[in-house]
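Q: Letter by letter, the sequence shown follows residues -29 to -1, 1 to 286 in mature numbering (1 follows the signal peptide of the UniProt record, and there is no 0).
Virtual Cβ for every residue (Gly too), placed ideally from N, Cα, C.
No experiment lies behind these values; they were computed from the predicted model shown.
Below you will find the structure I want to go over with you.
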Amino acid sequence: MISQTRIIRTKLKTSLIWLKWSLVVAALAGCATAPKPAPEAPVAPAPAPAVQKVPPRVGLALGGGAARGFAHVGVIEVLEEAGIKLDLVVGTSAGSLVAALYASGRNGRQLEAAAMAMDEAAFADWTLPIFNRGLLRGEALARYVNTQVANRLIENMPLPLGIVATDLNTGQGVLFRRGDTGTAVRASSAVPALFLPVRIGAQEYVDGGLVSPVPVRYARQMGAELVIAVDISSAPEGNPSGDTVQILLQTFAIMGKSINAWELRDAEVVVRPALRGMSSGDFTGKRRAIDAGRAAMQAALPQLRAAMEAKAHAP
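In structure tokens:
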């Protein structure tokens, strides 16, 4: 009986051992045949943050043209209405007058009010007959400018200002960035034989239109990356009147034609107000000139916006 019990226990123990080994073998076989996990997809890199482009430095170059210069006021009005920020302004002759007033902090509407109130007869400070270098002194113009800009010097203007004149001795253009604003505008506007040359320091200066009718290159010199050039020059007209002023201005138009064409090629945007038939001495056409400036700048806005987009760059 005891031996039978022992035999049964031995068989039972043997069976349990085989069962354990069977389970181990089955488990190992299951591990060997289990499917491998799929590899994880690579993590896509995060997109680089968009770089905010910096708009170009925009310079406004205002050309000469005497009474036609009122068109500059209309151009400035439209630029302001369109939200175009200017970084600097530079002017020649009539353009220097508008540039100075604008740089001093006047907005377009204030410039228009000043233009409509301007009495050009107040600038007629005639010289004595013995002074045969010019008919007008130009001192009244300088006083007017300094009054309008509250006697600010060029270097103290809220908006960087440049004024172009011609060195009478060397024939070279000069860019005024410092000094008395009214005197610089007087020099820039001193049409030879009409105004006396203007002495500043040891040099004498005359109208900047002789060398730079629309001062595009001087806008570049001041740091402009994009230049808006406003050309108000009049085409030479046949049979000018016998008036001395008209003959002088006609001579200027002839001299400046080729210089103008060369300089304007470097501007991104050229604005040409439609002023045909309006002479440089016609101070009764203020409203017409302002409206022409507005219309011309309005038409040029798409070109200006495209140029600004193309010139925008990384900081």
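Looking at C-alpha atoms only, which residue of Leu72, Asn127, Ala74, Lys56 is the closest neighbour of leucine 275?
A: Lys56
Q: Kindly list the residues whose CB is nearer than 8 angstroms to the CB of glutamine 143, restricted to its own chain and excluding five residues on each side of it in sequence; keep chain order.
A: Thr137, Val182
Q: Between the beta-carbon of valine 201 and the beta-carbon of alanine 190, is there less than 7 angstroms?
A: no
Q: Helix, strand or coil: which one does DSSP assign to phenylalanine 254?
A: coil
Q: Give me the residue from Ala277, Val169, Glu48, Gly54 with the minimum Cα distance to alanine 86.
A: Glu48
Q: Could you check the C-alpha separation between glutamine 269 and valine 241 for me, to the nearest Å?
A: One C-alpha to the other measures close to 12 angstroms.
Q: Between leucine -18 and the rest of its own chain, which residues show a CB-CB distance below 6 angstroms, the 5 nearest in sequence each way excluded?
A: Note that leucine -18 scores a pLDDT of 49, beneath 50, so its modelled location is shaky; the value from the coordinates is reported in the next line. Same-chain partners within the cutoff: there are none.
Q: According to DSSP, is isoleucine 55 part of a helix, a strand, or is it coil?
A: coil
Q: Please determine if the region 110 to 129 and the region 31 to 40 are in contact, where contact requires at least 3 C-beta pairs separated by less than 8 angstroms.
A: Contact check between the region 110 to 129 and the region 31 to 40: fewer than three CB pairs, one atom from each, fall below 8 angstroms, which does not count as touching.
Q: With DSSP collapsed to three states, give me the class of arginine 170.
A: Strand.
Q: Quick one: is serine 67 buried, meaning 16 or more other Cβ sit within 10 Å of its Cβ, or exposed?
A: buried
Q: Could you spell out the range, first to last residue, of the alpha helix (DSSP H) harbouring alanine 200?
A: Alanine 200 -> not in any alpha helix (DSSP H); beta strand (DSSP E) instead, spanning 197 to 201.
Q: Nearest by alpha-carbon distance to isoleucine 76: which of Lys228, Asp58, Lys282 is it?
A: The sequence shown places glycine at residue 76, not isoleucine. Closest option to glycine 76, Cα to Cα, is Asp58.
Q: Could you tell me how far apart the beta carbons of leucine 112 and alanine 74 are, in whole angstroms, since I believe they sit closer than 8 angstroms?
A: About 17 angstroms separates the two Cβ atoms, so there is no contact after all.
Q: Run the CB neighbour count on glutamate 280, radius 10 Å, all protein chains shown included, and call it buried at 16 or more, exposed below.
A: Here glutamate 280 is exposed. Its C-beta has fewer than 16 other C-beta atoms within 10 Å.
Q: Look at the alpha carbon of arginine 149 and the alpha carbon of valine 135, and state the distance between them as a whole number of angstroms.
A: 12 angstroms
Q: By a C-beta neighbour count over all protein chains shown, 10 Å radius and 16 as the cutoff for buried, is arginine 247 buried or exposed?
A: exposed
Q: Starting from valine 69, trace the alpha helix (DSSP H) in both directions and tell me its first and last residue.
A: 65 to 74
Q: For lysine 257, is the classification buried or exposed, using 16 other Cβ atoms within 10 angstroms of its Cβ as the cut-off for buried?
A: The residue in question, lysine 257, is buried, as its Cβ has 16 or more Cβ neighbours within 10 Å.
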